[in-house]
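Each remark here refers to the structure printed beneath this line.
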Amino acid sequence: MKRVYSKEEVCIACGLCQVHCLVAHSESKDIIKAYKKETPRQPSRIKVQQKGSLSFPLSCRHCEEPWCVYSCLTGALQKDPESGIVTVDAEKCVGCFTCVVACPCSAIIPDFHRKKAVKCDLCPHLETPACVANCPNQALIFTDGATPGGTKVAAEGAVARR
Amino acid sequence: MVRKHFRYLIIGNSAGGIGAAEAIRETDKEGSLAILSDEPYHTYSRPLISEYLAGERTIEGIYFRPADFYKQKSVQAILGKKAAALDLAGRLVRLESGEELTWERLLLACGGKPIVPPMKGDGLEGRFNFITLNDARKLRPALKKAKEAVVIGGGLIGISLTEALVKSRIKVTIVEKMGRVLGAIVDANVSRLEEARLKKAGVKVVTGHTVQEVVASAERPEAVGGVVLDNGQEITCQILGVAVGVSPRGELVEGTDIKKGRGIVVDRHMATSHPDVFACGDAAEAYDFVYGVARLTPIWPNAYIGGRVAGFNMAGKKAVYPGGTVMNSLGYFGLPIASAGLFDPPEGNGYEALSHLEGETYRKVILKDGRIAGMAMVSDIGRAGIIFGLMREGVNVSSFKEALLSDEFSLPRCQMTCGREGSARNWLHR
Ligand SMILES: Cc1cc2nc3c(=O)[nH]c(=O)nc-3n(C[C@H](O)[C@H](O)[C@H](O)COP(=O)(O)OP(=O)(O)OC[C@H]3O[C@@H](n4cnc5c(N)ncnc54)[C@H](O)[C@@H]3O)c2cc1C
Ligand code: SF4
Ligand code: SF4
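Protein chains in written order, with this note's numbering: chain C, 3 to 164; chain Y, 13 to 442.
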């Protein structure tokens, strides 16, 4: 499936992906209103990870065997069998945040104000996810990994083993 | 006598049973599949019975899967019927109703039964367990008349019940035998934070004592009027909730060759000592990656994942249980707590504990030979997943252990070992 991948060699941690993620998931889809009027503010579903000069944004991997889905107490988290997209049904979610502990990437954000889990949904209302479309450095790519564009695309070796 | 045959028979219509049914249907669309439960309901989320009790959700609102789930998955749901006996040689399960179900593969996802401490005078109206939707349904009408309640057990289930009672404007006293609440899953610091929240909400917490006697009401001798503790203290109440916990329901394997410790013992494929009988969830002792042995780890995610692994293996697709441990995320009385594994390091043996407490914000990890054997986070739980992921993967964190407690702890800090690409892989069938 198509996922959002990052290229750490060109990410400068400007945080614009976070801004545009927030706007894309706001009521108004308007940057000013989303920040100034809609309270409590929607959390961004993508988070820039940074240490010194190393940085890259991280969002949900839409895992093949998603820990979050299997840990959800209510059935709110589901992986679509066709698209592979992992989403939260806000109606069903009770904000227990078991999924937050279950996800090894901490890609689920606890929204304590609304008592809901929020996560990347790959922007179903847009052709390209907002974070990818708005990165000024093209540090984010949206691909099924068949055409490697970034260093870490489809890399499987990043998991340290016992 | 009615006798029906199924390729797959699952006993238990909850986390474990559903996890298995879904995995079976991903692998085998045709083989006949039945789920049996003595609870008469569509599959529901057990932890949500408190939301139902508090009137925040309807029964349909706590369904774990959509109403057409069984139809969609071609599952025959046999609900409200109890399995009374298991005959391994005949590969059949006899129901209380007299019907017989034969099977080729059997899953025991039977969960647990409530632990009820012996109390003098027990058996009066107004005394409730808090494990099933039926328990919550029986309790609900009692909320209207009651003013005071005693909850026995200050663990997860007891606090969950307490929260629902407080929301219904009932004054609650928790009686906990141990010295502190949540003593089975968190350390004393976290217990203290939770106790402070409970007190702020008007809940009385009595620790280090037990209920010795249930006293009848003066006006209505058939109903609960109060309790007497082991120190002689009397507490008036109209509701007595028993929420001590559950013990594995292993009655079906009693007297069979299937190996049983405290729970039904399973291997890494979730198979019991009989190759065609599987078990998972609260009923089973399955691999705990912290202790390195099979243990009871009675939480919802472990039941589901264990069920999923069992389901694949039952349908002939090899899958390995990655192991589980007791992991919880709680938010009772507004205090977010994430915890997993050990909460205090055992004496000696190379354990090390690192912690940081500031107000209601707490972070703690317990290390053994450089690997995380336990964690607790209070208030700021946003990064708990990364730490739990490192713990589950058994990553050696020695070189960045101090960073685990820092505010800006993030993936680069753990040198990307949690596999931001890797986690998309399939870990079940490796
Ligand atoms: C109030 C409460 C709050 C909880 N909160 C949390 C939480 O926040 N997080 C968490 O991770 N866990 C929580 N848990 C624990 C969690 O609910 C269990 O770990 C989980 O339900 C175990 O699932 P299971 O499939 O093993 O068994 P169960 O959910 O116990 O289901 C087993 C089913 O099998 C049926 N059955 C058993 N024997 C027979 C038989 N002989 N014939 C027919 N049917 C039979 C039972 O009636 C039952 O319906 C909570 C539990 C309770 C009670
Ligand atoms: S939230 Fe985490 S566990 Fe769930 S699919 Fe995304 S990366 Fe995987
Ligand atoms: S917070 Fe919501 S999505 Fe996450 S486990 Fe709880 S109910 Fe499921």
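Virtual Cβ for every residue (Gly too), placed ideally from N, Cα, C.
Residue i at chain C interface by Cβ criterion, 8 Å
| i | result |
| --- | --- |
| Y/S418 | no |
| Y/L440 | yes |
| Y/I398 | yes |
| Y/L60 | yes |
| Y/R432 | A caution first: Y/R432 carries a pLDDT of 46, below 50, which makes its placement in the model too unreliable to give a value. |
| Y/M131 | no |
| Y/A375 | Before going further, note that residue 375 of chain Y is Arg rather than Ala in the sequence given. Closer than 8 Å: no. |
| Y/Y316 | yes |
| Y/G343 | yes |
| Y/S26 | no |
| Y/A95 | no |
| Y/S172 | no |
| Y/G29 | no |
| Y/F76 | yes |
8 Å Cβ cutoff met for residue i and residue j
| i | j | result |
| --- | --- | --- |
| Y/K83 | Y/R37 | no |
| Y/L145 | Y/I247 | no |
| Y/G191 | Y/T219 | yes |
| Y/G386 | C/A104 | no |
| Y/L136 | Y/E207 | no |
| Y/G165 | Y/G257 | yes |
| Y/E225 | Y/K132 | yes |
| Y/E323 | Y/E34 | For clarity, residue 323 of chain Y is Gly in the given sequence; the question names Glu instead. Yes, the pair counts as a contact, with Cβ atoms nearer than the cut-off. |
| Y/N493 | Y/T55 | Here chain Y covers residues 13 to 442 and nothing more, so residue 493 of chain Y does not appear. |
| Y/E160 | Y/K183 | yes |
| Y/P348 | Y/S418 | no |
| Y/G319 | Y/G28 | yes |
| Y/A148 | Y/Y64 | yes |
| Y/D40 | Y/A327 | yes |
| Y/Y363 | Y/I171 | no |
| Y/G92 | Y/A295 | no |
Bridge partner(s) assigned by DSSP for residue i
| i | result |
| --- | --- |
| Y/G214 | BP columns for Y/G214 are empty, so no partner. |
| Y/L303 | Note that residue 303 of chain Y corresponds to Tyr in the displayed sequence, not to Leu. Y/Y303 is not bridged to any residue. |
| Y/I186 | Y/V163 and Y/V217 |
| Y/R75 | The residue asked about is misnamed: residue 75 of chain Y is Tyr in this sequence, not Arg. DSSP, once it has assigned bridges, lists Y/Y56 as partnering Y/Y75. |
| Y/M387 | Y/A352 and Y/V377 |
| C/S8 | C/L142 |
| Y/N340 | Y/S351 |
| Y/H17 | Y/T114 |
Residue i: CB within 7 Å of a non-hydrogen atom of ligand 1
| i | result |
| --- | --- |
| C/T100 | yes |
| C/L79 | no |
| Y/E51 | yes |
| Y/D99 | no |
| Y/W312 | yes |
| Y/A298 | no |
| Y/R261 | yes |
| Y/L118 | no |
| Y/N25 | yes |
| Y/D294 | yes |
| Y/G130 | The identity of residue 130 of chain Y in the sequence shown is Pro, whereas the question assumes Gly. Every heavy atom of ligand 1 is 7 Å or more from the Cβ of Y/P130, so no. |
| Y/K16 | no |
| Y/K94 | yes |
Residue-level contact to chain Y via CB, residue i, 8 Å cutoff
| i | result |
| --- | --- |
| C/A15 | no |
| C/I111 | yes |
| C/F144 | no |
| C/A92 | no |
| C/L79 | no |
| C/A104 | yes |
| C/L24 | no |
Any non-hydrogen atom of ligand 3 within 7 Å of residue i CB
| i | result |
| --- | --- |
| C/V90 | yes |
| C/S73 | yes |
| C/A119 | yes |
| C/C133 | no |
| C/V96 | yes |
| Y/T55 | no |
| C/T41 | no |
| Y/T39 | no |
| Y/T373 | no |
| C/T76 | yes |
Residue-level contact to chain D via CB, residue i, 8 Å cutoff
| i | result |
| --- | --- |
| Y/E63 | In summary, chain D is missing from the structure at hand, where the protein chains are C and Y. |
Mind listing which residues have their beta carbon within less than 6 Å of any non-hydrogen atom of ligand 2? Chain order is fine. Qualifying residues come out as C/C62, C/R63, C/H64, C/C65, C/P68, C/W69, C/C70, C/V88, C/C105, C/C107, C/A109, C/I110, C/K121 and Y/S435.
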